[in-house]
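Numbering that gives the first Met the number 0 puts the first residue of the sequence shown at 0, with every later residue one more than the last. What follows is a set of notes on a single structure, which appears directly below.
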Amino acid sequence: MTYLVWTLPALAVIGVIASGLAGTLPAALVGTVIALVVALTTAPHAFSAIDAATALLRGAWIGWIVVPYILGGLLFWQMAIRPGNAAMPVETSLTDVRARRRLLFTACYLIGPFAESATGFGVGIIGTMTLLRRLDLKPIQLLAFSLLSQTMIVWGGMGSGAIVGAAFAQTDPSSLAVHAGWIYLGFNILWIPIYWHMAERVGPVGDWRERAGEFVWLVVSLGSTILATTVLGPEIAMLAAFGPAIVLRYVVDERPDRAQLIAVAGRMLPFVLLIGWLVLTRLVGPLAQVLQATWRVEPFAGAPAWSLLFHAGTWLLVAALLTGLLRGHRDAFAAEIKAAWKTGRLAVLAIILFSMMAEVLSRSGIADGLARGMFQAFGGWSVTVTPMISAVFGALANSGNASNGLFMASEKSLAIEAGLNVTAVVALQHAAALSLNMVSPVRMSIVCNLAGTPGHERHAYREMLPFIGVVIFVLLSISIVIAARCI
0 MTYLVWTLPA LAVIGVIASG LAGTLPAALV GTVIALVVAL TTAPHAFSAI DAATALLRGA
60 WIGWIVVPYI LGGLLFWQMA IRPGNAAMPV ETSLTDVRAR RRLLFTACYL IGPFAESATG
120 FGVGIIGTMT LLRRLDLKPI QLLAFSLLSQ TMIVWGGMGS GAIVGAAFAQ TDPSSLAVHA
180 GWIYLGFNIL WIPIYWHMAE RVGPVGDWRE RAGEFVWLVV SLGSTILATT VLGPEIAMLA
240 AFGPAIVLRY VVDERPDRAQ LIAVAGRMLP FVLLIGWLVL TRLVGPLAQV LQATWRVEPF
300 AGAPAWSLLF HAGTWLLVAA LLTGLLRGHR DAFAAEIKAA WKTGRLAVLA IILFSMMAEV
360 LSRSGIADGL ARGMFQAFGG WSVTVTPMIS AVFGALANSG NASNGLFMAS EKSLAIEAGL
420 NVTAVVALQH AAALSLNMVS PVRMSIVCNL AGTPGHERHA YREMLPFIGV VIFVLLSISI
480 VIAARCI
């Protein structure tokens, strides 16, 4: 009976969202309140009101750490792209089939993920769809291809999901993102044949050399991102890896003249300068030390610290301000700030609430207690169950943070209790929490409305079923390998 009571916060959140009675934010509030009541009355060890208040403050701090990434990324993207009418470099000539094929791949696998990595919230969908409208695709095809911008979501929103997930697991964000990144590389390798089949249904037919080239672009770009994560951290890894890849792809495909290169360079200059500066702050040791030590705040042991001048979110805000001023868009600041808050506010508040709930469950010992209960019931094989639940819940909540908040601490405790590879279990949980976000009801609604097919979510899910099947296969396979102690 006690175990059932301990699961009430998770059951309440899942029930509220799945029933459609309310969205993610109200569900997070309900879950947090129930977690507090359960922790104060049935925790496996002494857990006082002071302990609860400390856990809530600690959770709020963990959630706050990623807020500048979210709002700063949105504001910078809006100032760099919308007011200046800038555009990512893409093929300008679509007179032949090969040009159409190049645009399709570049939009789905390079520009869309790049946009998503800078902002999150499905902005990559909008960028990808805008480019793909030039191909005159049918609406259902347009929305299916646009969703592929979400296939590398582990680095979305300046890696904010990895930072929060690592805080819940009390591990290093770079290590978590790298290990989860290998799982996403596996997803994408199995997804790309599905993409090829979809692409050839709409016309841009590619021979084996075209396919081989796309495969190489995908693997090298993702491999570079994983490498960049180990060196630079998850916040700027995809920006640093995919930014040059997009420019190189443009140069190789288009072979632009000097005037075209200058024009593209002008449009891309804010991104180049921002990425370059962020890379320097991570690679130049003395500079990184000074920035980390200046105005550093670390109120809770084991929780992420905040350094004003080292935090990438700070520089996103600075870059947004400078871009607007230098491009003469000072008058747009008020509207763009309002738009950034409108887009990001629900995610900001939900992340903070889920972080608070996660800390209550963790600090009260409930997460450990649930893990021990699962181990007693299923042994090490219980690790094969939770990733599937995490994937489904992450999709329902449209947030890997929500899923990690509910399950990460328990999964880590379970791995320790069962003597499993803790690093692998934590990475699997994080990858699972994000894996089905690209087909979440929220994103499906966004893409159907943008494609001009509101209410056609069922058709969209039918198109994306092969991708969902790959996710289930990979998660189940890895969980079995972990449970069998092969890794």
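Cβ atoms here follow ideal geometry from the backbone N, Cα and C, with glycine treated the same way.
- Contact between the segment 127 to 135 and the segment 189 to 198 is absent, with fewer than three C-beta pairs closer than 8 Å.
- In this structure, Ala176 sits away from Gly205, with a CB-CB distance that is not shorter than 8 Å.
- DSSP lists Arg295 as the bridge partner or partners of Ser306.
- In the three-state reduction of the DSSP assignment, Asn420 falls in the coil class.
- If you look at Gln77, you'll find it in the alpha helix (DSSP H) that goes Val66 to Ile80.
- Counting C-beta atoms within 10 angstroms of its own C-beta, Cys485 has fewer than 16 neighbours from the protein chains shown and is therefore classed as exposed.
- In the structure shown, Gly242 adopts helical secondary structure according to DSSP, grouped into three states.
- In this structure, the beta-carbon distance from Ala240 to Thr224 falls below 8 Å.
- The segment 22 to 39 and the segment 299 to 314 do not touch, with fewer than 3 CB-CB distances between them shorter than 8 Å.
- In this structure, the CA atom of Phe377 is about 11 Å from the CA atom of Leu413.
- Straight-line measurement puts the Cα of Ala450 at about 14 Å from the Cα of Leu147.
- The segment 44 to 51 makes contact with the segment 363 to 373: 3 or more CB pairs, one atom from each, lie closer than 8 Å.
- Cβ contact annotation for Arg57 (same chain, cutoff 7 Å, sequence separation greater than five): Phe299, Ala302 and Glu358, in chain order.
- When rounded, the separation of the alpha-carbon atoms in Gln259 and Ala106 is 20 Å.
- Inclusion of Ala26 and Ile16 in the CB contact set at 8 Å is warranted, their separation being smaller than that value.
- Of Arg461, Met437 and Asn448, the smallest CA-CA separation from Thr150 is found for Met437.
- Residue nearest to Ser145 within the set Pro465, Ile477, Met443 and Val289 is Met443 (criterion: CA-CA distance).
- With a beta-carbon spacing of about 4 Å, Ile61 and Ser354 fall inside the 8 Å limit used to define contacts.
- About 10 Å separates the Cβ atoms of Ala430 and Gly393, ruling out a contact at the 8 Å cut-off.
- The C-alpha of Leu320 is placed about 11 Å away from the C-alpha of Ala331.
- With at least 16 other beta carbons inside 10 angstroms of its own, Thr127 counts as buried.
- Note that the C-beta distance between Leu24 and Ala339 is not below 8 Å.
- DSSP places Ile110 in the helix class (H, G or I) of the three-state scheme.
- In chain order, Met355 place their CB closer than 6 Å to the CB of Leu55, counting only its own chain and leaving out the 5 sequence neighbours on each side.
- A direct Cα-Cα distance of roughly 8 Å separates Ala396 from Ser402.
- Annotated three-state conformation of Met0 is coil, per DSSP.
- Between the C-alpha atoms of Arg281 and Leu3 there is a straight-line separation of about 46 Å.
- Under the DSSP assignment, Leu268 falls in the alpha helix (DSSP H) whose first and last residues are Arg257 to Leu282.
- Ranking Val441, Phe104 and Glu462 by CA distance to the CA of Gly19 puts Val441 first.
- In this structure, the beta-carbon distance from Trp154 to Ala236 falls below 8 Å.
- The beta carbon of Pro269 lies closer than 7 Å to those of Ala79, Ala318 and Thr322 in the same chain, with the five residues before and after it left out.
- Taken in chain order, the complete beta strand (DSSP E) segments of 3 or more residues contained in the segment 338 to 382 number zero; there are none.
- By the C-beta density criterion, Ser434 is buried, having at least 16 other C-beta atoms within 10 angstroms.
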